[in-house]
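This report concerns only the one structure given below.
Protein chains: 2
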Amino acid sequence: MSKQPPPADCCVAPLACAPLTEDEAAELAPLLKAVADPVRLRLLSLIACHDGGEACVCDLTAAFDLTAPTISHHLKTLRRAGLIDSERRGTWVYYRLNPGVLERLSAVLAPRAATTR
Amino acid sequence: MSKQPPPADCCVAPLACAPLTEDEAAELAPLLKAVADPVRLRLLSLIACHDGGEACVCDLTAAFDLTAPTISHHLKTLRRAGLIDSERRGTWVYYRLNPGVLERLSAVLAPRAATTR
DNA sequence: CTTCTGGATAGATGGATGTCAAATTAGAGG
DNA sequence: CCTCTAATTTGACATCCATCTATCCAGAAG
């Protein structure tokens, strides 16, 4: 924990600004890996686009030709990466996007400092 | 090829705009997968930051504690994903970023239509 | 308490992936 | 032609990962 990342409020150090350190790369890669799957991409999109910004697992499962455990596994992967959060309300569990994480990834991949402009 | 993607000039259909179709997700995932590796992230960054926007393989290999074949393998992965291009000049091979692809990924992950804000 | 349903976990399996050592190709220069 | 160096390819190996079936946990409602 000695080396803390850049402030993160301004330039999130896009890839093309300065060479990524080994630590930065090691921190970013798992995030991107969580996103780098067609099912999880669609899950993120479905959650983000759903009414109220949240979606029930049953809604999500219905959108795929996959078994419920598989969807549950992907949701867990996204949650452990910090991309989504879950909340149980009665019988159902709702997922919503954790804002900021996706934006950070977007900023890192942007050709230049992209948060503004 | 019946369903063509959105114009791509304006809104590149970020994830949160409309639910990603199965085809869109299937096309984006391999791109992200190519980026979702700490070594490849640093390779991209090193190439992007290098003088003239290009870097020789020997320069890249020197930046890692990995063997030359391993770096070559990662470069091939990036090249097949369309993220970089290579050019041989004499004995050396130079890699440069293929602009646009990274921008597209960045735009897709952006919270909203981010190209034009 | 019992039962039903939504969702998660456990375990198994086939396929993808990162890494290396060894062999191969491509120029450059005797 | 021979040799040296830069880079890639090949083949092997260990690990990871997406998916499934079977099982388990948590509320809700009888």
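One line per chain: the protein sequences are X and U, in this order.
The numbering used here puts the first sequence at residues 999 to 1115.
The numbering used here puts the second sequence at residues 999 to 1115.
C-beta atoms are modelled at their ideal positions from N, C-alpha and C, and glycine is treated no differently.
query	result
Residue burial classification, Leu1100 of chain U (beta-carbon count within 10 angstroms, cutoff 16)	buried
Distance CB(Leu1042 of chain U)-CB(Ile1082 of chain U) smaller than 9 Å	yes
Beta carbon proximity, Cys1009 of chain U to chain X, threshold 9 Å	Low confidence applies to Cys1009 of chain U: its pLDDT is 49, below 50, so where it sits in the model is not reliable, and the reading given next is rough at best. Not closer than 9 Å to any Cβ of chain X, the Cβ of Cys1009 of chain U fails to qualify, so no.
Rounded straight-line distance, which links the Cα of Ala1108 of chain U to that of Gly1098 of chain U	15 Å
The stretch 1058-1067 of chain U contacting the stretch 1059-1068 of chain X, beta-carbon criterion three pairs below 8 Å	no
Residue closest to Ile1045 of chain U, alpha-carbon to alpha-carbon, out of U:Ala1023, U:Thr1019, U:Asp1021, U:Asn1096	U:Asn1096
Rounded Cβ spacing between Arg1038 of chain U and Thr1075 of chain U (contact assumed at less than 8 Å)	7 Å
Strand pairing of Ser1043 of chain X, partner residues [DSSP]	Ser1043 of chain X pairs with nothing; no bridge assigned.
Below-9 Å beta-carbon distance, Lys1031 of chain U vs any chain X residue	yes
Nearest to Gly1051 of chain U (by Cα), restricted to the options U:Leu1103, U:Tyr1092, U:Ser1104, U:Ala1105	U:Tyr1092
Where Arg1115 of chain U falls: helix, strand or coil (DSSP)	In this predicted model, Arg1115 of chain U has a pLDDT of only 40, less than 50, meaning its place in the structure is not dependable enough to derive any value.
Beta-ladder partner(s) of Ile1082 of chain X, from DSSP	X:Leu1095
Limits of the alpha helix (DSSP H) - the one that Ala1060 of chain U falls within	1055-1060
Minimum Cβ-Cβ distance from Asp1083 of chain U to chain X less than 9 Å	no
Distance between Glu1085 of chain U and Lys1031 of chain X (C-alpha atoms, nearest Å)	29 Å
Reference Cys1015 of chain X; option with closest CA among U:Arg1078, U:Thr1089, U:Cys1047	U:Cys1047
Rounded C-alpha distance that separates Leu1073 of chain U from Arg1087 of chain X	47 Å
Strand pairing of Arg1087 of chain X, partner residues [DSSP]	X:Trp1090
Inter-residue Cα distance where the pair is Gly1080 of chain U and Cys1056 of chain X	37 Å
Element boundaries [alpha helix (DSSP H), containing Leu1026 of chain U]	1020-1033
Where Asp1035 of chain X meets chain U, residues with beta-carbon distance less than 9 Å	Ala1023, Ala1027, Leu1030, Lys1031
Nonlocal neighbours in the same chain, by C-beta distance under 8 Å from Leu1058 of chain X, ignoring five residues either side	Leu1041, Leu1044, Ile1045, Ile1069, Leu1073, Tyr1093
Closer than 9 Å to chain X by CB, Val1091 of chain U	no
Within 9 Å, strictly: CB atoms of Val1033 of chain U and Ser1104 of chain X	no
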